[in-house]
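My numbering puts the first residue of the sequence shown at 447, with every later residue one more than the last.
Glycine is no exception: its CB is placed at the ideal position from the N, C-alpha and C atoms.
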Amino acid sequence: MNYPFLNGGGHIAQIIASYDWAGTALGAIDTWPQSLKTTVSTMLRSTLPMVALMGEDGIMIYNDGYSEFAGRRHPMSLGSKVGESWPEVAEHNAYVIRVALAGGTLAYKDQEMTLLRSGKPEQVWMDLDYAPVLDEAGKPCGVLVVVVDTTAKVRAEHQLRASENTFRTLAQAMPSQVWAADADGALNWFNEQVYRYSGTQPGQLAGDGWTAIVHAEDSAKVGAAWRASVATAQNFEVEYRIRRADGAWRWHIVRAMPIIDDNGVVQRWVGTSTDIEDQKATASKLQQQVAERTAERDRMWRYATDVMLVTTLDGWITAANPAFTRLLGWEEAEIIGTSIHAIIHPDDAQSSHDEMASLAQGRSTFKFENRTLRKGGGHAILSWTAVPDEGFIHAVGRDMTAERAAAEEMRRTSLKLQQAQKMEAIGKLTGGVAHDFNNLLQVISGNLQLLAADVAGMPRAERRLEQALAGVTRGAKLASYLLAFGRRQALDPRVVRIGRFIAGMEDMLRRSLGEEIEVETVISGGLWNTLVDTAQVENAVLNLCINARDAMDGVGKLTIEVGNAMLDDHYARNHPELTPGQYVMIAVSDTGTGMAPEIVAQAFDPFFSTKPEGKGSGLGLSMVYGFVRQSGGHVQIYSEPGCGTTVKLYLPRSTDIEDAPAPPEMRAVVGGQETILVAEDDEGVRATVVDMLGELGYRVLKASDAASALSIIDSGMPIDLLFTDVVMPGPLRSPELARKARERLPGIAVLFTSGYTENAIVHGGRLDAGVDLLGKPYTREALARKVRHVLANRQHAVQLAAQPAAAMAAMTTANATDQPSGQRILLVEDEPELRETTAELLELLGHQVSACGDAASALAALAEGGFDVMLTDISLPDLSGEVLATRALALQPGLRVIFASGQTPKAALAGAQLLLKPFSIDQLMDALARS
447 MNYPFLNGGG HIAQIIASYD WAGTALGAID TWPQSLKTTV STMLRSTLPM VALMGEDGIM
507 IYNDGYSEFA GRRHPMSLGS KVGESWPEVA EHNAYVIRVA LAGGTLAYKD QEMTLLRSGK
567 PEQVWMDLDY APVLDEAGKP CGVLVVVVDT TAKVRAEHQL RASENTFRTL AQAMPSQVWA
627 ADADGALNWF NEQVYRYSGT QPGQLAGDGW TAIVHAEDSA KVGAAWRASV ATAQNFEVEY
687 RIRRADGAWR WHIVRAMPII DDNGVVQRWV GTSTDIEDQK ATASKLQQQV AERTAERDRM
747 WRYATDVMLV TTLDGWITAA NPAFTRLLGW EEAEIIGTSI HAIIHPDDAQ SSHDEMASLA
807 QGRSTFKFEN RTLRKGGGHA ILSWTAVPDE GFIHAVGRDM TAERAAAEEM RRTSLKLQQA
867 QKMEAIGKLT GGVAHDFNNL LQVISGNLQL LAADVAGMPR AERRLEQALA GVTRGAKLAS
927 YLLAFGRRQA LDPRVVRIGR FIAGMEDMLR RSLGEEIEVE TVISGGLWNT LVDTAQVENA
987 VLNLCINARD AMDGVGKLTI EVGNAMLDDH YARNHPELTP GQYVMIAVSD TGTGMAPEIV
1047 AQAFDPFFST KPEGKGSGLG LSMVYGFVRQ SGGHVQIYSE PGCGTTVKLY LPRSTDIEDA
1107 PAPPEMRAVV GGQETILVAE DDEGVRATVV DMLGELGYRV LKASDAASAL SIIDSGMPID
1167 LLFTDVVMPG PLRSPELARK ARERLPGIAV LFTSGYTENA IVHGGRLDAG VDLLGKPYTR
1227 EALARKVRHV LANRQHAVQL AAQPAAAMAA MTTANATDQP SGQRILLVED EPELRETTAE
1287 LLELLGHQVS ACGDAASALA ALAEGGFDVM LTDISLPDLS GEVLATRALA LQPGLRVIFA
1347 SGQTPKAALA GAQLLLKPFS IDQLMDALAR S
């Protein structure tokens, strides 16, 4: 499954996506709060080892860097409790979690621990930083840990100190020996250190005896050098090997100076012999280390990923490492002898010159950023560290281009997330406001309609009544804008070829916008279908066109483009609310004044408007935004001051065939004599609807909340229909009231009403299966038709359930009279009990029945096999039965269509029959037998 917040998270993101989080305290990944997703997304994109310890148990989620640090503990540690995963440091981690959940932070530098990450104890040092993870309420819910392994650094420091101690010990322990010779060079005196060192006896080395402890290979060279010094009275200094008391030959540096009297005559010689065996060994080792370090520096210079430069104090480049060429494209031969200022971005020239001047004065640079030009064009952002030394500047530059781009991308994503959260919060608020507003409008509208009969024949009163009702209509439109923005309106989506629909609006737009606006419509060929509420599309396009007209001050060119669009993963990464895929795009462009970025950022906010007071509600673009998002689409504004504005709507593609346009409804108002229980918390609305239903002939009971309504039901009074508001105060919610009412009165019909569904019975902008809803505010005619339709459905279900014996008799009669049987019938009915009963009845009559609860399932069944008859209700949860019939005939032209409904079709369909509910078995048989 795809989780956008894991995109770009490396290998560990795939493991996180497939891990069964439902078994942990965090719950299934689909239920994770946004705060946790944001924390995980940020952590996965970090190059540092990071781990999040969530909750009091410290459930572990970490990135690729931490998986390498964990060693053999990965991947078992993912999703586990930190105390169980790292038992050897459980006490430390428990303390950290307690501090972080209390809102505190912790940091440790070179913290020593013993870990068992490789199966055996391992001493490690780490830099550890702990910070609390906050949930949506700002309350700490976990710990975010940054782990930097400093073991290698600490051990290197220990080794260096040990080496320095050894060196000082050797320097302190170097032995020295003193000897003397006469003027002719004959050695005649040695101190005790010489005898003790060589293991000889006093007098044994006098004369030429000392040559006995000189190495044979050095003897000739030493003798010649000594005789030359004696002859010339020059200082003697020779390195040679002397035998120690244990027989070892050790290198010494032997020095001697002549003691000269005032006449310049040599009186004697004084010399020293110093054991330098250790020094020579150390020197050899140091020489090797120097060679290794030189080679290491050369390797660093050649293979470093950071740019390294050497320049003179006035900025002339004298050396550049290969990384300079790899990053910027300049070859070393091209750049040596060039001024560093020649390749710096002009906008950074002055700050770079000032920084070079500071370096020339002996100050170091620890962090300085500028843009350095690439050979092939463009620039790289480099962060420089530089020091002056002996007339040169040594600089290291780290490429920050990708990091800066990532930071900017993170900033933009964060802003988009904040905007989405803000719009969601405002949407909930506006939905609630619209709910209360619709209740007020329902009271006003209902009473005005009831008043119509009282003022009949009074022209002046009738005119004022019409004006008042027109005001109610405008208020209802305003409330619908609020619901559209909050994505709380119940849409009536249809599959349409939107290009044809937009082309049909052109004349209306020209009349609405005026003659000074040039309107151009550009519709691409091969346009895809889309599933949308066409009335809302018309409102959206009209709103955009009116905004464009106002932006052009009534004069200019308006262009409406319709075409296919593919929004890919790259585009979707910059718009977290968007699903990549195929869309139909509607673009409205104007040549107006355009908008500044800060205006564009607020354009979709409810009641935000740049128009003068009284010239606009500030809800037009909010409605467009809410409608497009509720339809599963995306909306984007492109604008610059002085360059006009383009608003693009992206509506998801539909692969279904296009629906036929629905004609206007032309049906008479019908009442009844059934008993209706009205449950409505708003006193004004309740009184109005009771009067309306009473005028239609119904017996009406009323309740102010769900609990009161349930008490009336429990009293045993006969009730045919429960008419209840969706949103009411009290512990008992309306959907639960409906369920309990059906348990107590199995034959009761239920009709919901609301101006704000709050996702109780509407999900994804569509009614739940088997649910009837009348949206507020509604007219007397709409109320009458909806009540009659719902009652007819329930009465028909009761009638069918009571007639199994009659069905058997009817089947016998059908066989005796050669009534047609064995037909393949597709039954489409959203009421589950009615669907089962009707299907059973048809099967008893000898027919083959396939039953579906909505239009989508019916179309799928039609695509798989042929049917003789389709028996369908007109009111279905996804599409109307009339639209379904049009599509069904397109798939199977010879199909017979029978509408079985409590309401009549809006328009006649050639060859279709109407079977009004409740119908008898004889009426059903007659309809099936009719050719």
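- Under DSSP, P578 takes part in a beta bridge, and its partners are V589.
- Secondary structure of V1030 (DSSP, three-state): strand.
- For the stretch 721-755, the continuous alpha helix (DSSP H) assignments of 4+ residues that do not extend past its boundaries occur at 723-749, in sequence order.
- A contact is defined here as three or more CB-CB pairs under 8 Å, and the stretch 683-695 fails this definition with respect to the stretch 583-592.
- Between the alpha carbons of M904 and N893 lies a gap of roughly 17 Å.
- Around the C-beta of V711, fewer than 16 other C-beta atoms lie within 10 Å, and the residue is accordingly described as exposed.
- Considering only P521, T811, A1033, A1334, the residue with the shortest C-alpha distance to D1102 is A1334.
- CA-CA distance, T811 to W830, rounds to 7 Å.
- Cα atoms of L1280 and V1070: separation of roughly 39 Å, rounded to the nearest angstrom.
- Rounded to whole angstroms, the gap between the alpha carbons of Q680 and T646 is 29 Å.
- DSSP, reduced to helix, strand and coil, places E777 outside both helices and strands of the structure shown, so it counts as coil.
- Between A1285 and V1295, the C-beta spacing is below 8 Å.
- Cβ atoms of M754 and A769 come within 8 Å of each other, at about 7 Å.
- Of the candidates D1372, D1160, L1097, P1175, the residue whose Cα lies closest to the Cα of I1194 is D1160.
- Counting only the Cα atoms, I944 lies some 11 Å from S970.
- DSSP places Y1144 outside any alpha helix (DSSP H), giving it a letter other than H or E.
- For N989, the secondary structure class from DSSP, reduced to helix, strand or coil, is helix.
- A residue is called buried once 16 or more other Cβ atoms fall within 10 Å of its Cβ, and H520 is buried on that count.
- By the Cβ criterion, the stretch 508-527 is not in contact with the stretch 544-552, since fewer than three pairs of Cβ atoms, one from each stretch, lie closer than 8 Å.
- When the beta-carbon positions are compared, A832 and D845 stay at least 8 Å from each other.
- Under the DSSP assignment, Y554 falls in the beta strand (DSSP E) whose first and last residues are 552-561.
- Exclusion of the five residues before and after M802 leaves G761 as the residues of its chain whose Cβ lies within less than 6 Å of its Cβ.
- Ranked by Cα distance from V640, the first of R689, V668, A671 is R689.
- Looking at the DSSP output, S1035 bridges to T1005, T1092.
- According to DSSP, L1220 shares a beta bridge with T1199.
- When C-alpha distances from N634 are compared across P834, G649, G1078, the shortest belongs to G649.
- In this structure the stretch 1121-1128 touches the stretch 1147-1167; the number of beta carbon pairs closer than 8 Å is three or more.
- Linking E855 to D1300 through their CA atoms gives a straight-line distance of about 44 Å.
- In the three-state scheme derived from DSSP, where H, G and I count as helix and E and B as strand, A766 is classed as strand.
- The residue from G1088, L482, S481, I505 with its alpha-carbon nearest to that of G469 is I505.
- In the structure shown, T1318 adopts extended strand secondary structure according to DSSP, grouped into three states.
- Rounded to whole angstroms, the gap between the alpha carbons of L1291 and K1232 is 31 Å.
- Where G1000 is concerned, there is no enclosing beta strand (DSSP E), because DSSP gives it neither an H nor an E.
- Assigned with DSSP and collapsed to three states, L915 falls in helix.
- Listed as beta-bridge partners of Y686 by DSSP are H698.
- As DSSP reads the structure, W571 sits in a beta bridge with E558.
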